[in-house]
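Each remark here refers to the structure printed beneath this line.
Protein chains: 2
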Amino acid sequence: MDAKNLTRRATLDDVAAVAGVSPKTVSRVVNGDSAVSEKTRAKVGEAIAETGFQINQAARALAGARSFLIGLFTINGSSYFFSELYRAAARECKASAHHLVLEEYAAGESSYISLYEKGLKSIRCDGVILPPPVCDDLALLDALDRDGVRYVRLAPKLEPERSTAIYADDHVGAADLARHLWAQGWRRFTVVVGPVDHASAAVRRDAFVDTLLGLGCARSEIRLIAYERSNKAYSTMAQLVEAVFDGLREQEAVFAFNDELATRVMLRARARGLDLPRDLAIAGFDDSDAAKVTWPTLTTVRQPVAELARLAVAELTAYPAKPPRIIRCPVKLIVRDSTKLS
Amino acid sequence: MDAKNLTRRATLDDVAAVAGVSPKTVSRVVNGDSAVSEKTRAKVGEAIAETGFQINQAARALAGARSFLIGLFTINGSSYFFSELYRAAARECKASAHHLVLEEYAAGESSYISLYEKGLKSIRCDGVILPPPVCDDLALLDALDRDGVRYVRLAPKLEPERSTAIYADDHVGAADLARHLWAQGWRRFTVVVGPVDHASAAVRRDAFVDTLLGLGCARSEIRLIAYERSNKAYSTMAQLVEAVFDGLREQEAVFAFNDELATRVMLRARARGLDLPRDLAIAGFDDSDAAKVTWPTLTTVRQPVAELARLAVAELTAYPAKPPRIIRCPVKLIVRDSTKLS
DNA sequence: TTGAAAGCGCTAACAA
DNA sequence: TTGTTAGCGCTTTCAA
Chain E
1 MDAKNLTRRA TLDDVAAVAG VSPKTVSRVV NGDSAVSEKT RAKVGEAIAE TGFQINQAAR
61 ALAGARSFLI GLFTINGSSY FFSELYRAAA RECKASAHHL VLEEYAAGES SYISLYEKGL
121 KSIRCDGVIL PPPVCDDLAL LDALDRDGVR YVRLAPKLEP ERSTAIYADD HVGAADLARH
181 LWAQGWRRFT VVVGPVDHAS AAVRRDAFVD TLLGLGCARS EIRLIAYERS NKAYSTMAQL
241 VEAVFDGLRE QEAVFAFNDE LATRVMLRAR ARGLDLPRDL AIAGFDDSDA AKVTWPTLTT
301 VRQPVAELAR LAVAELTAYP AKPPRIIRCP VKLIVRDSTK LS
Chain B
1 MDAKNLTRRA TLDDVAAVAG VSPKTVSRVV NGDSAVSEKT RAKVGEAIAE TGFQINQAAR
61 ALAGARSFLI GLFTINGSSY FFSELYRAAA RECKASAHHL VLEEYAAGES SYISLYEKGL
121 KSIRCDGVIL PPPVCDDLAL LDALDRDGVR YVRLAPKLEP ERSTAIYADD HVGAADLARH
181 LWAQGWRRFT VVVGPVDHAS AAVRRDAFVD TLLGLGCARS EIRLIAYERS NKAYSTMAQL
241 VEAVFDGLRE QEAVFAFNDE LATRVMLRAR ARGLDLPRDL AIAGFDDSDA AKVTWPTLTT
301 VRQPVAELAR LAVAELTAYP AKPPRIIRCP VKLIVRDSTK LS
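In order, the protein sequences belong to chains E and B. According to our numbering, the residues represented by the first sequence are 1 to 342, in order. According to our numbering, the residues represented by the second sequence are 1 to 342, in order.
This is how it looks when you write it as C-alpha cells:
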C-alpha cells in the first residue's frame, strides 16, 4: 500500500495552521459545538474548504466514545422487508452523518452471539438495529448491554420494555383486512400464519380472527394453518401452502402472513386450475414488489418500512440516549384485485 | 455516554500481560504474522480467549493503512439486483473479516462526487464497489484515485481498463434467449432497451438482434424501443411500456431489459385483454423474485449477482492489490411459461 | 523471533 | 471563548 503516501489528507492541525487557530477550535467547529464565536467559525470554515479537510472517523472513534457507525444485524433470506430496511436505514444514517454497516447472515447459523463477537463487536458501533428474529435473542442482548452498545429492536416478542422497540400496527392492518373481506362478501376464511416465533404472527392472526368474530362470523368458518418449526407437518413454506388446499372449501378467502406466502398460494391455486379471485380470494402482508405484478394483483397491508428505519436510526443517533420506549407506526390496507368477490 | 466505562474491553496490553509477552507479539498473533513461534502463538491464543479480546478496528485503522471497511456506493431505486448485491457483498465481507458500509442515495442527486466527499470519504474505506451508473462517473474515479481508495466496477461502460471491472456475460444470455424464442417458433420481436447509459443495455440489445438475424430473422421483424433520458418520447418506464403496445403486431415476442420492465409489459398486456403467452411472449432479465410469481411465470436470464459480489469483495480485500483486469461471469437462461408458443 | 519507542488524528478534561 | 495536555489502542520502524 503506497496509496497512503500519495496524498496526505488534511488534518485538524493543517486546518488550524491555515486558519491561525488551535486544532481544538477547528474540532469545535467541525463538531458544531456552540462555544465558538461567529468570526472564528467563519475563518475556520474557509480553511476547511481551502484544505479540503475531511475528518478521520477512525481517529475520532478512537479518541471519543462514538464511532458514527450503526449496525444492522439480520439473519434472513431474501425478503422485501429487509431490502427496504437496508436502503432506508442507509439513507437515514447518511442524513445524520453516520454510516450503516450491514451484517447479513444465512439463516440457521448456530448462535447469534458468536456472530456478533466475531463480527460487529470489533467495530464498536454506536448502536445496532435488531429486526426479528435476532431481536428476541436474549443472550445477544445481554452481550450488547455488557459492551455498552445501544440497540433498537423491531417487533420484539420478548421483554419489549428492555429497549426501545418499534412496532408496525399489525393488529390494525389485520383488522382492516378482515373488515374489507367481510364487506366484499367473503364468509369463509383461512389464515396462514407465519413463523410463530415472530411476534407479529400471533398479533395478525388474533386481530384478524377477533375482528371476523365480532362481525358475526362463525368460528367454524375460520381455518387456522400455522407454521411451526417444531411441527413436522408444516415446517416448510411448501407444506404450509399445500395445507391450504387440503380441505379447501368453496369461496374461501385466504389471509397469508406475508406476500411471499400469498403469492405462493396464488401460484398453487393457478396450478390447480382455480379462477382467481372468483374461486378464492387471497391477501398478503407487506406490499412487496411482488404484490403489484401478480395476476390478479394482490390485496395486502403496507408496512411503513422506511419509517421504521428512520425511527430506529434516529433513536440510535440521538445524544444523549433517550429512555427506552415503545413506538408504533401505522400500516395501510392496500386493496387490489385478488380479493374482489365476483 | 457512560457506556464506555461500564466495561473496559480487553486491549492488546491486557492480553500481553496475561500471556507474559509484549503487546507487539500479541499483535503479531492477531494479524497472523508468520514470525511468531508456535509456543508463543499458543500461549497468546489462550490469553486472547481468556480475556475475550476483540481488536479495536478504529485504533487499527488509525495506526495502520487499512480500515477493513468496504463501501458499496449506489444510486438507485429499489431493485432485485441491488438487494441481492448488498446481501452477498455483506456476507463476503464477513468471511474476510471486513465490514460492508452501505451508501444508498436516491436517484437524481446532483453529483456523485459530493456524495462521496460528504459520506464515504471520511471513513477511509479500503475499497469501494461501484455498480452502474456510478461506475461511469469519471470525476468520482479521479477523486478515488487521488485519495488512494481502491475500487472495483460492475459493468462499466467507460474506460473499462481503468480498474478491475466485472461483467456478467450479457451477450450470452441475450443470445441464448433469442435462440430459445426462435426455437419456440416466435418470428416477430420487440426489444425494450433500458437506460442506454448502462453498458449492458447495448450489449443485450446487440446480441439479441444479431443472433436473430443470424437465425434468418428479417430486420423488419425486429422492433427496437429504447429508453433515453434525453429523448422526450420514452423517458419514463410507463412511456416505454406504452410504446410496446403502439403498433404491436400479432404474435410478438417481447424482450425487456429487466424483469421489472417485463412484468410491467405483462400487466399492461393483461389490462388490454391479451391472453399470455398465446398472444404475446414476454421475457425479462435478472431472474428477480417477481419473475417467479407472475402469471404466466417469466422467462428470464439469471445474473450471478452473488458471484459478482464475491469477486468484487475478494478483489478489494486482497493484499497486495492485484493489477486491474476484466472478469466475466456466466449467466443462465431460465425458461418459464411466458415464452411458450401455443 | 521478540521487544521498545514513536506516533496515527482525534477528543476529553482541564486551564486560561 | 479559546488553548493546552494527555491519551484512545493499535501499527510501524527499529533495535536486540
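Cβ coordinates follow ideal geometry from the N, Cα and C atoms, glycine included.
- Under the 8 Å criterion on CB atoms, E:Y86 is classed as interfacial with respect to chain B.
- Of the residues assessed, E:S83 falls on the buried side of the cut-off, its CB having 16 or more other CB atoms within 10 angstroms.
- Within chain E, the residues V293 have their CB atoms less than 7 Å from the CB of B:L267, given in chain order.
- Per DSSP, the unbroken alpha helix (DSSP H) holding E:A201 starts and ends at A199 to G214.
- Per DSSP, the continuous beta strand (DSSP E) segment holding B:R188 begins and ends at R188 to V193.
- Along the length of the region 72-145 of chain E, whole alpha helix (DSSP H) runs at least 4 residues long occupy 80-95 and 112-118, reported in chain order.
- The beta-bridge partner set that DSSP reports for E:L62 is empty.
- Identification of residues in the region 27-44 of chain B having a C-beta nearer than 8 Å to some C-beta of chain E yields an empty set.
- DSSP places B:K24 in the uninterrupted alpha helix (DSSP H) bounded by P23 to V30.
- Residues of the region 119-136 of chain E with a C-beta atom less than 7 Å from some C-beta of chain B are G119, K121, S122, I123 and R124, listed in chain order.
- When rounded, the separation of the alpha-carbon atoms in E:R91 and E:I70 is 12 Å.
- Among the bridge pairs identified by DSSP, E:T164 is matched with E:V152.
- Minimum Cα-Cα distance from E:A256 among the listed residues E:V241, E:G247, E:L248 and E:D137 corresponds to E:V241.
- If you compare the alpha carbons of B:D337, B:S338 and B:F68 with that of B:V128, the shortest gap goes to B:F68.
- A distance below 6 Å between beta-carbons, with the five flanking residues on each side excluded, links E:D170 to the following residues of its chain, in chain order: S200, V203 and R204.
- Within the model, the alpha-carbon separation for B:L341 versus B:P320 is close to 54 Å.
- It is roughly 8 Å from the alpha-carbon of B:L72 to the alpha-carbon of B:Y86.
- B:I48 sits away from B:V21, with the two beta carbons spaced by 8 Å or more.
- Taking 8 Å as the cut-off, the beta carbon of B:E252 is found no closer than this to the beta carbon of B:R310.
- Short of 6 Å from the beta carbon of E:A19, and not among the five residues preceding or following it, lie these beta carbons of its own chain, in chain order: K43, V44 and A47.
- For E:N56, at least one C-beta of chain B is nearer than 8 Å to its own C-beta.
- Close partners of E:E104 in chain B (Cβ separation under 7 Å): R87, A90 and R91.
- Per DSSP, E:T236 has no beta-bridge partner at all.
- As for any beta strand (DSSP E) of minimum length 3 sitting wholly inside the region 259-298 of chain B, the runs are 280-283, ordered along the chain.
- The residue from E:T74, E:D126 and E:G148 with its alpha-carbon nearest to that of E:A107 is E:T74.
- By the neighbour-count definition (other C-beta atoms within 10 Å, threshold 16), E:L224 is an exposed residue.
- Residue state for B:I48 is assigned as helix, using DSSP reduced to three classes.
- B:L224: member of the beta strand (DSSP E) spanning I222 to A226, first to last residue.
- In its chain, beyond the 5 residues on either side, F73, T74, I75, Y112 and L140 have a beta carbon closer than 8 Å to the beta carbon of B:V134.
- Under the three-state reduction of DSSP output, B:A218 falls in the coil class, being neither helix nor strand.
- The bridge partners DSSP lists for E:A19 come to none.
- Contact between the region 91-103 of chain B and the region 156-171 of chain B is absent: fewer than 3 CB-CB pairs across the two stretches fall below 8 Å.
- Beyond the five residues adjoining it in sequence on each side, E:S338 comes within less than 6 Å, by CB distance, of P277, I282, P296, L298 and T299 in the same chain, given in chain order.
- Residue environment: B:R150 is assigned as buried (16 or more neighbouring CB atoms within 10 Å of its CB, all protein chains considered).
- Distances from the alpha-carbon of E:R249 to those of E:E260, E:L280, E:N258 and E:M266 put E:L280 closest.
- By the Cβ-count criterion, E:I326 is exposed, with fewer than 16 other Cβ atoms from all chains shown falling within 10 Å of its own Cβ.
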